[in-house]
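Those sequence lines, one after another, are chains A and B.
Using numbering that gives the first Met the number 0, the first residue of the first sequence is number 0, and each one after it goes up by one.
Using numbering that gives the first Met the number 0, the first residue of the second sequence is number 0, and each one after it goes up by one.
We treat Cβ as the ideally placed atom computed from N, Cα and C, and that holds for glycine.
Here the structure is a predicted model, which is why all the values come from computation and not from measurement.
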Amino acid sequence: MQFGLSESQDILRDSARKFFAGECPMDSVRKLMETPTAYDEKLWAKLAEQGYTGIIFPEEFGGVGLGKVELILLMEEAGRALLPGPFFSTVPLAGAVINTIASPEHKKKYLEPICEGKARATVAILEASASWDLADVQVKAVGSKLSGEKLFVTDAAVADFILVVAKDGVYAVDAKAAGLAITGMEGMDMTRKIYTVKFQNTPAERIGDLANLPKAFDVATAALVAEMVGGMQRTLDVTVEYAKMRKQFGKPIGMFQAVQHHCADMYLETESSRSASYYAAWTLEENTPEASTAVSIAKVYASDAARSVGNRGIQVHGGMGFTWENDVHLYYRRAKASETAFGDATFHRERIARQAIDAETLSAKSA
Amino acid sequence: MDLNLTADEKKFRDELRSWLAANSPKDWPEWQNKPLEESYPYLRAWQRKLYEAGWAAVSWPKEFGGRSATLMQQAIFWEEMARAEAPPMANSLGLGLIGPTIIAYGTESQKKRFVPKILSAEEIWCQGFSEPNAGSDLASLQTEAKLDGDHYIINGQKVWTSYGWIGDWCEVVTRTDSAAAKHKGLTVLLVDMKTPGVEVRPLKQMTGECEFNEIFFRDVRVPQENVLGKVNDGWNVAISTLMYERGSYGARLHLIFKRNISRLIELSKKFQRHGRPAAEDPIVRQKLAQCYAEIEIMRLNQMRAFSRMTATGVPGPEGSIQKIFWSELNQRLQQIAQEIFGPYGQLLGDDPYSVDRGAWSYGYLRTRGNTIEAGTSEVQRNIIGHFVLGLPRSY
Chain A
0 MQFGLSESQD ILRDSARKFF AGECPMDSVR KLMETPTAYD EKLWAKLAEQ
50 GYTGIIFPEE FGGVGLGKVE LILLMEEAGR ALLPGPFFST VPLAGAVINT
100 IASPEHKKKY LEPICEGKAR ATVAILEASA SWDLADVQVK AVGSKLSGEK
150 LFVTDAAVAD FILVVAKDGV YAVDAKAAGL AITGMEGMDM TRKIYTVKFQ
200 NTPAERIGDL ANLPKAFDVA TAALVAEMVG GMQRTLDVTV EYAKMRKQFG
250 KPIGMFQAVQ HHCADMYLET ESSRSASYYA AWTLEENTPE ASTAVSIAKV
300 YASDAARSVG NRGIQVHGGM GFTWENDVHL YYRRAKASET AFGDATFHRE
350 RIARQAIDAE TLSAKSA
Chain B
0 MDLNLTADEK KFRDELRSWL AANSPKDWPE WQNKPLEESY PYLRAWQRKL
50 YEAGWAAVSW PKEFGGRSAT LMQQAIFWEE MARAEAPPMA NSLGLGLIGP
100 TIIAYGTESQ KKRFVPKILS AEEIWCQGFS EPNAGSDLAS LQTEAKLDGD
150 HYIINGQKVW TSYGWIGDWC EVVTRTDSAA AKHKGLTVLL VDMKTPGVEV
200 RPLKQMTGEC EFNEIFFRDV RVPQENVLGK VNDGWNVAIS TLMYERGSYG
250 ARLHLIFKRN ISRLIELSKK FQRHGRPAAE DPIVRQKLAQ CYAEIEIMRL
300 NQMRAFSRMT ATGVPGPEGS IQKIFWSELN QRLQQIAQEI FGPYGQLLGD
350 DPYSVDRGAW SYGYLRTRGN TIEAGTSEVQ RNIIGHFVLG LPRSY
């Protein structure tokens, strides 16, 4: 048993870290977040050039064919850099959905352009109920036309196609389709924009049913957790750096235990989230029976930890932490959006409870 | 990353599992709640059995009667012991902490003299570290040892000594140079507890038991050859013992916690809340699920730490994360239990209405000690702040 990174995984992580440091420094993040879509065409082309847009997808569709552990290492680095734009929406979300539920023909049509860096995509899931339970989906197709409204759709304005979760399956809608209306929502996170998407007799192509959709969402959730871990790590790093440098009462504030203990807790929460994230990725890769619970455990812990790390990071920065100029709040905003995406800690605790408390009762009853 | 057991690890696990199935005593539950004074001979006999089969100290080098087990194999060992519901070993401090320290720092004749009897539980060891005025600030300890001819003469007092009442030998940290800086004037002595001038008194703790002792030393003469490591280098020897403590303890806790949460889930289906089983109450469900998740994360943190230690070769300050994590989690687990049981939670073992013969009311009180013993949570956070994050020392 070896719960560390292999040499090639180490190399992938290091090269991703270098890539983001060079291509996505904080001043470009700040420039992009002030644009309507936070999307940069040139940056996208570079992501594709690295093979990142096809990282976990089969080579026959233009992908790189790496595993879920490699995916989460990449996502952690993307999170550390606060990578703006539709990477999450396109690759570990839309890409994973197509890869999990679609036919080879549909993969050729929709997954291949993603891998090649030619298409951006997203998945429209939530509706007015804001429920992550697929049974609550109301939007439905009549013939092959969709009507209804989706909310909180990430990066919809820059997507070349949108995958829509409807009552009876998942549909692909072209960005230029008739009867499609995309309007921005004012979210806290300025680096990943969210939208309402309305359909009125909008032509759509069915690409698969809902049965295996949770598996794809587990991949997306694990990727999101990894991105959160990267954000926590960056928040911890800048906070510790600040605590060493900032002086009050003639001493660095990091010398005071009240400050040290905040930092120690940030470290504990970040490392524990990382352990859970690695494990979730590994169980997904190996397709073990505990994969779905492992994803929930990671999302429970990281959702609360990301908020807590952000709270402490801002607190340790003092007045500086409350300024617009300081970067910590940008991570804090992303953390809030990610906390609720694919179910917050409360949602996933109930999912664990169904497994840990009820499953036992059910199997006892049937025995 | 590969979380599957290797062929060697599987072989190790299977061999141990079948040995435990055949040899682990089945009557341990009946002994478990008896006072340690009564059950001690039982635990000694059990360790002797493990020793004879070569299972008493798997982490030790083969030449000292161990199996040179890898960290993963050690983790497997504790998991299997917990899975088999096997009793603990009598000489747990000797095996886990003091033996490895003697192997690392001892002279050849010390190793020959002490190590085999630690393994066989012929000689039980205890630790004389903390003092009334030296707890977290261990290096300020005052128990002095003065050289007189070829003997050291010890005077002073130790406290919070586990197994002091049964200890045959004690690893005592003493001050041998009071003029030196506080970390520099310490020396570790191996002290025979039957030496005249050693007095052991029970220390009654808040649970009502006496798990620990106070030890008084009055003109206790210890031969010079019982210095462990170098004179005035005792701080490094003592720290190495404490690292073993933080490094290995977490491994055996996971299955115990796992068993506790399973039992608590079972009980939550029997206790009522708002006219239905507590297990159906959304708040109870949230709390149980949170605890379940954290127990799993504790295991994952431990496995990652082991993989890191396997790569670097030494237990590092990451052990402090584990110490904080398990001790605070254990307290939260007990608190959830109390919330589920309501007024029944307070009942002690002798009360006919008590839950699980008082195991939970005892646990509630006993876990308060978890965030204090083996380095307080505050000290662990200082260690992370300074040694892991590189923040300046606060003291």
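Exercise for the section: Report the residue from A:ALA155, A:PHE151, A:LYS166, A:SER146 whose alpha carbon sits nearest the alpha carbon of A:ASP135. Expected result: Checking every option, the nearest Cα to that of A:ASP135 belongs to A:LYS166.
Exercise for the section: Give me whichever residues DSSP pairs with A:THR99 in a beta bridge. Expected result: As DSSP reads the structure, A:THR99 sits in no beta bridge.
Exercise for the section: Taking only beta-carbon positions, decide if B:LEU423 is within less than 8 angstroms of chain A. Expected result: Because chain B spans 0 through 394 in this model, residue 423 of chain B falls outside it and cannot be assessed.
Problem - chain A residues whose Cβ lies nearer than 8 angstroms to that of B:ARG284 - result: The answer, in chain order, is ARG348, GLU349, ALA352, ILE356.
Problem - Distance CB(B:PHE11)-CB(B:ILE101) smaller than 8 angstroms - result: Pairing B:PHE11 with B:ILE101 gives a Cβ-Cβ distance that is not under 8 angstroms.
Handout entry: Three-state class that DSSP yields for B:LEU2 in the structure shown
Key = DSSP places B:LEU2 in coil when its eight states are reduced to three.
Practice task
Given a cut-off of 8 angstroms, decide if A:GLY342 and A:TRP131 are closer than it, judged by their beta-carbon atoms.
Solution key: Cβ distance < 8 angstroms, so A:TRP131 and A:GLY342 count as in contact.
Exercise for the section: Using the Cα positions of B:SER376 and A:GLU285, report the straight-line distance between them to the nearest angstrom. Expected result: Within the model, the alpha-carbon separation for B:SER376 versus A:GLU285 is close to 37 angstroms.
Problem - Distance CB(A:ALA436)-CB(A:ALA257) smaller than 8 angstroms - result: What the structure shows of chain A is the stretch from 0 to 366, and residue 436 of chain A is not part of that stretch, so it cannot be assessed.
Handout entry: Inter-residue Cα distance where the pair is B:PRO316 and B:ALA55
Key = Cα-Cα distance, rounded: 26 angstroms.
Exercise for the section: Report all residues from its chain with a CB closer than 8 angstroms to the CB of B:GLN126; omit the five preceding and five following residues, and keep chain order. Expected result: In its chain, beyond the 5 residues on either side, LEU92, LEU96, ILE97, THR160, SER161, CYS169, GLU170, THR240 have a beta carbon closer than 8 angstroms to the beta carbon of B:GLN126.
Practice task
Classify B:GLY155 as helix, strand or coil using the three-state DSSP reduction.
Solution key: Three-state result, B:GLY155: strand.
Exercise for the section: Please classify B:ASN235: does DSSP put it in a helix, a strand, or coil? Expected result: Correct three-state label for B:ASN235: helix.
Problem - Between the CA atoms of A:ALA155 and A:VAL169 - distance to the nearest angstrom - result: Distance between the alpha carbons of A:VAL169 and A:ALA155 is about 16 angstroms.
Practice task
On the DSSP bridge assignment, give the partners of B:PRO276 in chain order.
Solution key: Beta-bridge pairing links B:PRO276 to B:GLN271.
Practice task
Report yes or no: is there a C-beta of chain A within less than 8 angstroms of the C-beta of B:THR311?
Solution key: Not one chain A Cβ lies under 8 angstroms of B:THR311.
Practice task
Using a cut-off of 7 angstroms between C-beta atoms, extract the partners of B:GLU295 located in chain A.
Solution key: Correct list: ILE296.
Problem - A:MET184 beta carbon less than 8 angstroms from that of A:ALA334 - result: At a Cβ-Cβ threshold of 8 angstroms, A:ALA334 and A:MET184 do not count as neighbours.
Handout entry: Residues of the segment 241–257 of chain A with Cβ closer than 9 angstroms to any Cβ of chain B, in chain order
Key = Within the segment 241–257 of chain A, the residues whose Cβ lies closer than 9 angstroms to some Cβ of chain B are ALA242, LYS243, LYS250, PRO251, GLY253, MET254, PHE255, GLN256, listed in chain order.
Practice task
For B:ALA278, return the contacting residues in chain A, with the cut-off set at a CB-CB distance below 9 angstroms.
Solution key: Here the neighbours are ALA352, ILE356, ASP357, THR360.
Handout entry: Local conformation of B:ILE382 per DSSP, three classes
Key = In the three-state DSSP reduction, B:ILE382 falls in the helix class (H, G or I).
Exercise for the section: Establish whether the CB of B:ILE395 and some CB of chain A are separated by less than 8 angstroms. Expected result: Any property of residue 395 of chain B remains undetermined from this structure, which presents chain B solely from 0 to 394.
Practice task
Name, please, each residue of chain B whose Cβ falls closer than 8 angstroms to the Cβ of A:LEU4.
Solution key: Neighbourhood of A:LEU4 in chain B, by CB distance below 8 angstroms: MET0, in chain order.
Exercise for the section: Put B:ASN212 into one of helix, strand or coil per three-state DSSP. Expected result: B:ASN212: strand per DSSP, three-state reduction.
Handout entry: Any C-beta of chain B under 8 angstroms from that of A:MET74
Key = Answer no: the Cβ-Cβ gap between A:MET74 and chain B never drops below 8 angstroms.
Exercise for the section: Kindly list the residues whose CB is nearer than 7 angstroms to the CB of A:MET25, restricted to its own chain and excluding five residues on each side of it in sequence; keep chain order. Expected result: Closer than 7 angstroms at the Cβ level, and outside the excluded window around A:MET25, lie ASP326.
Exercise for the section: Use the C-beta contact count for B:PHE211: other C-beta atoms within 10 angstroms, 16 or more gives buried, fewer gives exposed. Expected result: The residue in question, B:PHE211, is buried, as its Cβ has 16 or more Cβ neighbours within 10 Å.
Exercise for the section: Quickly, what does DSSP pair B:CYS125 with across the bridge? List them, please. Expected result: B:CYS125 is bridged to B:CYS169.
Practice task
Check whether the Cβ of A:VAL196 lies closer than 7 angstroms to any heavy atom of the ligand SAM, and answer yes or no.
Solution key: With respect to the ligand SAM, the structure shown offers nothing to examine, as it has no ligands at all.
Handout entry: Residues near A:SER88 by beta carbon distance below 6 angstroms, same chain, minus five either side
Key = If the five residues before and after A:SER88 are omitted, its C-beta is found closer than 6 angstroms to the C-beta atoms of THR121, THR153, ASP154, all from its own chain and listed in chain order.
Problem - Test item: CB-CB of B:ALA120 and B:GLN204 under 8 angstroms - result: One thing to note: B:ALA120 has its Cβ no nearer than 8 angstroms to the Cβ of B:GLN204.
Handout entry: Coil, strand or helix - B:ILE97 by DSSP
Key = Reduced to three states, the DSSP call for B:ILE97 is helix.
Handout entry: DSSP state of A:LEU81 mapped onto helix, strand, coil
Key = Looking at A:LEU81 - three-state DSSP - the assignment turns out to be coil, as it is neither helix nor strand.
Problem - Which of helix, strand or coil DSSP assigns to A:LYS364 - result: Low confidence applies to A:LYS364: its pLDDT is 48, below 50, so where it sits in the model is not reliable, and the reading given next is rough at best. DSSP places A:LYS364 in the helix class (H, G or I) of the three-state scheme.
Exercise for the section: Using the Cα positions of B:ASP395 and B:ALA304, report the straight-line distance between them to the nearest angstrom. Expected result: A query on residue 395 of chain B cannot be resolved here, the shown segment of chain B reaching from 0 to 394 and no further.
Handout entry: Spatial neighbours of B:ILE382 in its chain, beta-carbon cut-off 7 angstroms, leaving aside the 5 residues before and after
Key = Answer for B:ILE382: PRO316, SER319, listed in chain order.
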